[in-house]
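Here's the structure, in structure tokens; my notes come after.
Chains as they are written, first to last, in this note's numbering: chain A, 3 to 318; chain B, 5 to 248.
This is how it looks when you write it as structure tokens:
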């Protein structure tokens, strides 16, 4: 599995590096072009890869722990509740490092609300979960829009949060996110076998030897932390975590250890390419928020899942 | 091997009340739990496996259940719940192999775990399904795979909630024959009374959350069954028949 994915990842990296408003010939670069490539494009491409990996990893965990093929940070309302926390944190003048903490708290609150609404007697109703997620999403987005408009009277910043993109990139942010991604990945890999057992019904899983409640709590917090940090830096980029775990599963099977790896790599790949597209689609150097592209892709994919999984969604 | 001891049990949920006197189940016993729907069979299994918390005093080999770590419990007992399911298209082999989790102490399964899994699949007539996706199997096939998963835990006590639910008659007989021969303790709510009478040696008759009787095979009389299920029971040549 590894060689193919890493090759694709490499190709996507090169494509992303050389897409954008300024066409750069890698074999005859001027000093300015070199500067653009190394200090603007390189960190941005790496940042999009890291954020893509974070969102995809969280999506893989959400789909497992919520037992729902349609779950990801966006459909569960986690991303928008985390964004709400980040917006409020910034509006209240919270120091920058504390913004993701508040985002984590509100993100967890949103997730727990959706989780509690959709669980009944230990069984999660997938349809209720999606509906609850939609409602949380709408309410959180409304509050975000209101506070942005009220405090800043700026529509563009609303777009930033609701249709996320890579507008502010620097090496510090990149390193923080990359570290978080690496640590979360290792932690999740270490409990990969236990995560597999979470795919069973609760009674089976518990009597097979795992502490389901503790494992689920840990997974929720870690996945939501990934989302909260990603959202604090880039706003809401939806559906990356919805698409990639499915593709990973159909390519490499359901085993969670493999799924975590493949999802992360595919998430990086997807977001690098999506961002390359966002930088090149509009002529004249204007940028599209990358969230628009992932929402388009994800929406279509969501419809496809609804169609193919309809029976199982309604009948569990 | 593990002996199960219940030092009295008292559990209430809503207006349902389950109460048992002190009971013991020795190693290797084959115990069927009989009773109407809602008599407390599944609740009892949930209490005995620690899925429900009550004020009950349940011991495995002198060790209080609530003090046994989760992974250790999985080596003492395995449970086949009524609604066993797994999301994601895992293969049958993977599903059964997951049963080894506690035996490998949560580490990656080794070659001998795979060998053991293949052996079990063979014994349960599942080898031809090994590479199929679990979710694409029929209800009866899924049931047998889940049973294999529970057996693969190699626990000392098997709690099997209606192991033959949705199984055809041949596979039902095969499964019960298999269970009869194992050295493990089997504790199992069963709906088919004649099957239970043929393969089990001890019977708990539950009614409205109370233990009506704790009897051996020979003491399982028409009268007792009649009282348990509120039906007329007759017995010809060792086969019970029922009528209203």
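For each residue, glycine too, the CB sits at the ideal point set by N, CA and C.
By the Cβ criterion, the segment 77 to 85 of chain B is in contact with the segment 105 to 115 of chain B, since at least three pairs of Cβ atoms, one from each stretch, lie closer than 8 Å. When DSSP assignments are scanned along the segment 177 to 244 of chain B, the uninterrupted stretches of beta strand (DSSP E) that are 3 or more residues long and fall wholly within it turn out to be 189 to 193, 206 to 211, 214 to 220 and 236 to 240. When the beta-carbon positions are compared, residue 293 of chain A and residue 240 of chain A come within less than 8 Å of each other. Beta-bridge partners assigned by DSSP to residue 137 of chain B: B:95. Residue 159 of chain B carries a coil assignment under DSSP once its states are collapsed to helix, strand and coil. Cβ atoms of residue 258 of chain A and residue 182 of chain A stay farther apart than 8 Å, at about 20 Å.
Pairing residue 197 of chain B with residue 163 of chain B gives a Cβ-Cβ distance that is not under 8 Å. Note that the C-beta distance between residue 268 of chain A and residue 250 of chain A is below 8 Å.
Counting only runs of at least 4 residues, the segment 63 to 121 of chain A fully encloses the following alpha helix (DSSP H) elements, listed from N- to C-terminal order: 80 to 93 and 101 to 120.
Of all residues in the segment 87 to 106 of chain B, those with a C-beta nearer than 9 Å to a C-beta of chain A are 87, 88, 89, 90, 91, 92, 93, 94, 95, 98, 99, 102, 103, 105 and 106, reading in chain order. Within the segment 226 to 256 of chain A, those residues whose Cβ lies closer than 8 Å to any Cβ of chain B are, in chain order, 251, 255 and 256. Following the DSSP letters along the chain, one finds residue 88 of chain B in no beta strand (DSSP E), marked with neither H nor E. Of the residues assessed, residue 235 of chain A falls on the buried side of the cut-off, its CB having 16 or more other CB atoms within 10 angstroms. Residue 75 of chain B belongs to the set of residues whose beta carbon lies under 8 Å from a beta carbon in chain A. The contact set of residue 81 of chain B on chain A, defined by CB atoms closer than 9 Å, consists of 209 in chain order. Here residue 130 of chain B really is in contact with residue 148 of chain B; their C-beta atoms are around 6 Å apart, less than 8 Å.
Within chain B, the C-beta atoms nearer than 7 Å to that of residue 212 of chain A come from 74, in chain order. Following the DSSP letters along the chain, one finds residue 166 of chain A in no beta strand (DSSP E), marked with neither H nor E.
Residue 157 of chain B belongs to the set of residues whose beta carbon lies under 8 Å from a beta carbon in chain A. Within the same chain, Cβ atoms closer than 8 Å to the Cβ of residue 10 of chain A are found at 271, the five residues on either side in sequence being excluded. Neighbours of residue 196 of chain A in chain B, taken as residues at a C-beta separation under 9 Å, are given in chain order as 105 and 110.
Take residue 248 of chain B, set aside five residues on each side of it, and the residues of its chain with a beta-carbon closer than 8 Å to its own are 235 and 236, in chain order.
Using a Cβ-Cβ cut-off of 8 Å, residue 199 of chain A counts as an interface residue toward chain B, since at least one Cβ of chain B sits closer than that to its own. Look at residue 256 of chain A here: in three-state DSSP terms it is coil, with no helix or strand label. Residue 248 of chain B carries a coil assignment under DSSP once its states are collapsed to helix, strand and coil. Taking 8 Å as the cut-off, the beta carbon of residue 38 of chain B is found closer than this to the beta carbon of residue 194 of chain B.
DSSP, reduced to helix, strand and coil, places residue 74 of chain B within a helical segment of the structure shown. The segment 190 to 266 of chain A contains, as complete alpha helix (DSSP H) runs of 4+ residues, the segments 194 to 199, 204 to 209, 214 to 236 and 242 to 254 (chain order). At a beta-carbon threshold of 7 Å, the residues of chain B lying near residue 69 of chain A are 91, ordered along the chain. In this structure, the straight-line span from the alpha carbon of residue 102 of chain B to that of residue 70 of chain A is close to 21 Å. Ranked by how close their Cα comes to the Cα of residue 115 of chain A, the residues A:103, A:132, A:15 and A:104 have A:132 in first place.
Secondary structure of residue 14 of chain B (DSSP, three-state): strand. CA-CA distance, residue 111 of chain A to residue 84 of chain A, rounds to 9 Å. Excluding the 5 residues flanking it on each side, residue 205 of chain B has same chain C-beta neighbours closer than 6 Å at 34 and 221, in chain order. Judged by DSSP secondary structure, residue 8 of chain A falls within the alpha helix (DSSP H) whose first and last residues are 4 to 19.
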